[in-house]
Amino acid sequence: MKLELRGITKRFGSLVANDHIDLTVEPGEIHALLGENGAGKSTLMNVLYGLYQADEGEILLDDQPQRFRGPGDAMAAGIGMVHQHFMLVPVFTVAENVALGHESTRLGRLDLDAARARVREIADRFGFDVDPDALVEDLPVGVQQRVEIIKALARDAEVLVFDEPTAVLTPQETDELMAMMRQLRDGGTGIVFITHKLREVREVADRITVIRRGTVVGEASPQSTNAELAALMVGRAVELTVHKGPASPGEGGLEVRDLHVRTASGAVVVDDVSFDVRPGEILAIAGVQGNGQTELTEALMGLQSHVTGSITLDGRQLVGEGVKDILDAGVGFVPEDRKVDGLVGGMSIAENLVLDRSSSPEFVRAGTLMRRALDGFARDRIEEFDIRAQGPLTPAGTLSGGNQQKVVVAREMSRELSLLLASQPTRGVDVGSIEFIHSRIVAARDAGVAVIVVSTELDEVTALADRIAVMYRGRIVGIVPADTPRDTLGLMMAGAQENENAAGDALRERSESK
């Protein structure tokens, strides 16, 4: 089935999220829709799937105009979507999830046998190895994604939309997904692959459409270089390589010993974690989202209540300290969600830049804010950190994602630091901002700051790290050099111990030498 989007325009008030977008997906084709977060990719697909109604334009299937009033209409027409955040009921079985919303009955009772048979038929056809009676909550993330695909195929989808499908996968699971997509393509399914990851686009796409700020800015072939694709996404040439010399770690720094974090109900979310970070080095913490990284960073910042163990910075114990005390101890914190934890959207750039030093005599005297000093400081930071804004009084909430992140980075890195804790530092920012933020993180390391980078992006981890700690289910399964192969890191992200990997490598080397 051929899919065409013609002149699709979607507005939210004065914001034009999609501006007259044209897109054609042929049967048996993987068409990648490439663009940064916020470029309008997901909005376009939500229009296609009936979740939004377009203000202008039309959708055609095999040259016939369509009007979808909701996802049910889209599914009935043969369009399926595999969402970034899975739409599964964890306590239901695979068969129950596949039947949900399209239940068939026999003698007045739910006919799960039909759903089981449909799951087995699709799983056997594509080699998915999925048990129809398995509880979804017991399945690995990669298998849950297969269930999402089976759900769509069970409803006879001829066009499948994959919305940022690798965001929660290990490298091995990503490779398996790519193989599945090729198999679906070869069977005649048309695929729209939404992503911002250049490596994946070049690996699997037949055609690439690039959108920027809601507009199609060009098409590219999979043979295009990363630099060419990045330039299309951003609108200028971008340096994609992180330039850094060897680390020169000093003495002292951060020491974490036997750290445990529990939820209010007593569940262990960080389990017996120990590591060191020395001044002048970057320790990157890798792992699939949801394996304790968030709780670990919150514990380091004094944001978790149920913490045991030891966290010392240059000999000072931080467990039990408040957030302000930890900031005053020389810790800079770039949180994973800038809008919730990093900025006050209604306050100006200048005010956001001094949130953690609002009582500093540099800006406050006799209880009065020194506006001239604040504005001068803000103008200097705007220039130094290349924050694109009209001026210091611009509300932070009106800035683009990349510029909002630069405000957070500028605030945290404009004072003397002993430790920089950057959690998902480039999430949702454009390639150009990524380049800039990476350079500032490396500069902090070279200035003698101990740096922790927490990231689910493996390319970012390997580019920035001097050492890599991998987390799985709340534990650190190994700390390895930055040049550790991606396959090994992927196994560790799936739970393999680092020493088990090393043993396996040794055994393979011995067998090959015989």
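Using this note's numbering, the first residue of the sequence shown is number 10, and each one after it goes up by one.
C-beta: ideal position from N, C-alpha, C; glycine also.
Quiz prompt | CB-CB length for residue 294 against residue 478, believed under 8 Å | solution = Mapped onto the sequence shown, residue 294 falls at position 285. Mapped onto the sequence shown, residue 478 falls at position 469. With a Cβ gap of about 5 Å, residue 294 and residue 478 count as contacting.
Quiz item: What does DSSP give as the partner residues of residue 51 in its beta bridges?
Solution: The residue given as residue 51 occupies position 42 in the sequence shown. In the DSSP output, where bridge partners are listed per residue, residue 51 has none listed.
Quiz item: Going by beta carbon distance, what residues of the same chain come within less than 6 Å of residue 444, once the five residues before and after it are set aside?
Solution: Translated into the one-based positions of the sequence shown, residue 444 becomes position 435. Counting only Cβ-Cβ distances below 6 Å, and skipping sequence neighbours, we find 247, 248.
Quiz prompt | Spatial neighbours of residue 191 in its chain, beta-carbon cut-off 8 Å, leaving aside the 5 residues before and after | solution = Position 182 of the sequence shown holds residue 191. If we look at residue 191 and ignore the five residues flanking it on each side, its Cβ neighbours are 39, 213.
Exercise. State the CB to CB distance for the pair residue 210 and residue 48, rounded to an integer number of angstroms; the pair is presumed to be in contact (CB under 8 Å).
Key: By one-based count along the sequence shown, residue 210 stands at place 201. By one-based count along the sequence shown, residue 48 stands at place 39. The pair is not a contact, with the Cβ atoms about 14 Å apart (cut-off 8 Å).
Quiz prompt | C-alpha gap between residue 476 and residue 491, whole angstroms | solution = On the sequence shown, position 467 is the one that residue 476 refers to. On the sequence shown, position 482 is the one that residue 491 refers to. Distance between the alpha carbons of residue 476 and residue 491 is about 5 Å.
Quiz prompt | Every unbroken beta strand (DSSP E) within the stretch 148–174, with a cutoff of 3 residues, ordered by chain | solution = 168–172
Quiz item: If we count Cβ pairs, one from each stretch, closer than 8 Å, do we get three or more for the stretch 277–289 versus the stretch 324–337?
Solution: no
Quiz item: Would residue 91 pass as a contact of residue 157 if the rule is Cβ separation under 8 Å?
Solution: Position 82 of the sequence shown, counting from 1, holds the residue named residue 91. Position 148 of the sequence shown, counting from 1, holds the residue named residue 157. Yes, Cβ-Cβ distance for residue 91 and residue 157 is below 8 Å.
Practice problem: Report all residues from its chain with a CB closer than 6 Å to the CB of residue 162; omit the five preceding and five following residues, and keep chain order. | Solution: For the purposes of this step, residue 162 is taken as residue 153 along the sequence shown, with counting starting at 1. Once the five neighbours on either side are set aside, the close Cβ partners of residue 162 are 131.
Practice problem: Reducing DSSP to helix, strand and coil, say where residue 178 ends up. | Solution: Mapped onto the sequence shown, residue 178 falls at position 169. Coil, per DSSP.
Self-check item: Distance CB(residue 341)-CB(residue 426) smaller than 8 Å
Solution: Numbered from 1 along the sequence shown, position 332 holds the residue referred to as residue 341. Numbered from 1 along the sequence shown, position 417 holds the residue referred to as residue 426. Closer than 8 Å, so yes.
Quiz item: From residue 140 to residue 151, what does the alpha carbon distance come to, in whole angstroms?
Solution: Counting from one through the sequence shown, the residue named residue 140 turns up at place 131. Counting from one through the sequence shown, the residue named residue 151 turns up at place 142. Between the alpha carbons of residue 140 and residue 151 lies a gap of roughly 14 Å.
Self-check item: Start-to-end residues for the alpha helix (DSSP H) that takes in residue 497
Solution: As a first step, residue 497 is located in the sequence shown; it is residue number 488 there, counting from the start. Residues 495–502.
Quiz item: Just checking my contact of residue 433 with residue 458 at CB under 8 Å: how many whole Å lie between their CB atoms?
Solution: On the sequence shown, position 424 is the one that residue 433 refers to. On the sequence shown, position 449 is the one that residue 458 refers to. Contact doesn't hold; Cβ gap of about 19 Å is too wide.
Quiz item: Taking contact to mean at least 3 C-beta pairs separated by less than 8 Å, is the stretch 312–325 in contact with the stretch 266–286?
Solution: Yes, since at least three Cβ pairs between the stretch 312–325 and the stretch 266–286 fall closer than 8 Å, the two stretches touch.
Quiz item: Alpha carbon to alpha carbon, what distance is there between residue 325 and residue 275?
Solution: As a first step, residue 275 is located in the sequence shown; it is residue number 266 there, counting from the start. As a first step, residue 325 is located in the sequence shown; it is residue number 316 there, counting from the start. Near 27 Å, if we compare the C-alpha coordinates of residue 325 and residue 275.
Exercise. For the beta strand (DSSP E) holding residue 73, just list the boundary residues, first then last.
Key: Taking the first residue of the sequence shown as position 1, residue 73 is located at position 64. 73–75 is the extent of the beta strand (DSSP E) around residue 73.
Quiz item: Hey, is the stretch 303–314 in contact with the stretch 402–413, meaning 3+ C-beta pairs nearer than 8 Å?
Solution: no
Quiz item: Whole-angstrom Cβ separation of residue 167 and residue 10, contact assumed at under 8 Å?
Solution: On the sequence shown, position 158 is the one that residue 167 refers to. On the sequence shown, position 1 is the one that residue 10 refers to. Indeed they touch by this definition, with Cβ atoms about 4 Å apart.
Self-check item: the stretch 353–361 contacting the stretch 387–406, beta-carbon criterion three pairs below 8 Å
Solution: yes
Quiz item: Roughly how many whole angstroms lie between the Cα atoms of residue 23 and residue 217?
Solution: On the sequence shown, position 14 is the one that residue 23 refers to. On the sequence shown, position 208 is the one that residue 217 refers to. Approximately 29 Å between the Cα atoms of the pair.
Quiz item: Anyone know if the C-beta pair for residue 60 and residue 32 falls short of 8 Å?
Solution: In the sequence shown, residue 60 corresponds to position 51, counting from 1. In the sequence shown, residue 32 corresponds to position 23, counting from 1. Taking 8 Å as the Cβ cut-off, residue 60 and residue 32 do not qualify as a contacting pair.
Quiz prompt | Distance, residue 486 Cα to residue 509 Cα | solution = In the sequence shown, counting from the first residue as 1, residue 509 sits at position 500. In the sequence shown, counting from the first residue as 1, residue 486 sits at position 477. Residue confidence is low: residue 509 scores 47 on pLDDT, short of 50, so the model does not pin down where it sits. Its coordinate-derived value is still stated next. Near 10 Å, if we compare the C-alpha coordinates of residue 486 and residue 509.
Quiz item: In chain order, what residues of the same chain lie with their CB nearer than 6 Å to the CB of residue 27, ignoring the 5 residues before and after it?
Solution: Sequence index remark: in the sequence shown, residue 27 carries index 18 (1-based). Contacts found: 17, 18, 19, 49, 52, 53, 223.
Quiz item: Is DSSP giving residue 461 helix, strand or coil here?
Solution: As a position in the sequence shown, residue 461 is number 452, starting the count at 1. Strand.
Quiz prompt | Exposure of residue 439, with buried meaning 16 or more beta-carbon neighbours within 10 Å | solution = The sequence position of residue 439 within the sequence shown is 430, counting from 1. Flag for residue 439 reads buried.
Quiz item: For residue 278, which option in 253, 400, 95, 307 has the closest C-alpha, if you only look at C-alpha atoms?
Solution: Within the sequence shown, residue 278 is the residue found at index 269, counting from 1. The shortest C-alpha separation from residue 278 is found at 307.
Practice problem: Kindly list the residues whose CB is nearer than 7 Å to the CB of residue 159, restricted to its own chain and excluding five residues on each side of it in sequence; keep chain order. | Solution: Taking the first residue of the sequence shown as position 1, residue 159 is located at position 150. Once the five neighbours on either side are set aside, the close Cβ partners of residue 159 are 107, 128, 131, 132, 137, 139.
Quiz item: Relative to the alpha-carbon of residue 83, which residue among 194, 215, 164, 109 has its alpha-carbon at the smallest distance?
Solution: Counting from one through the sequence shown, the residue named residue 83 turns up at place 74. Nearest C-alpha to residue 83: 164.
Practice problem: Kindly give me the distance between the Cβ atoms of residue 37 and residue 195, rounded to whole angstroms, as I take these residues to be in contact under 8 Å. | Solution: Stepping through the sequence shown from its first residue, residue 37 is reached at position 28. Stepping through the sequence shown from its first residue, residue 195 is reached at position 186. A Cβ-Cβ separation of about 7 Å places residue 37 in contact with residue 195 under the 8 Å criterion.
Self-check item: Residue span of the beta strand (DSSP E) that contains residue 19, given as start and end
Solution: As a working note, residue 19 is residue 10 in the sequence shown. Taken as a continuous stretch (DSSP letters only), the beta strand (DSSP E) holding residue 19 covers 12–21.
Practice problem: Can you check DSSP and say which residues form a bridge with residue 228? | Solution: Walking along the sequence shown from the start, residue 228 turns up at place 219. DSSP, once it has assigned bridges, lists 218 as partnering residue 228.
Practice problem: Can you tell me which of the three DSSP states residue 28 falls into? | Solution: Here the question's residue 28 lines up with position 19 in the sequence shown. It is a strand residue.
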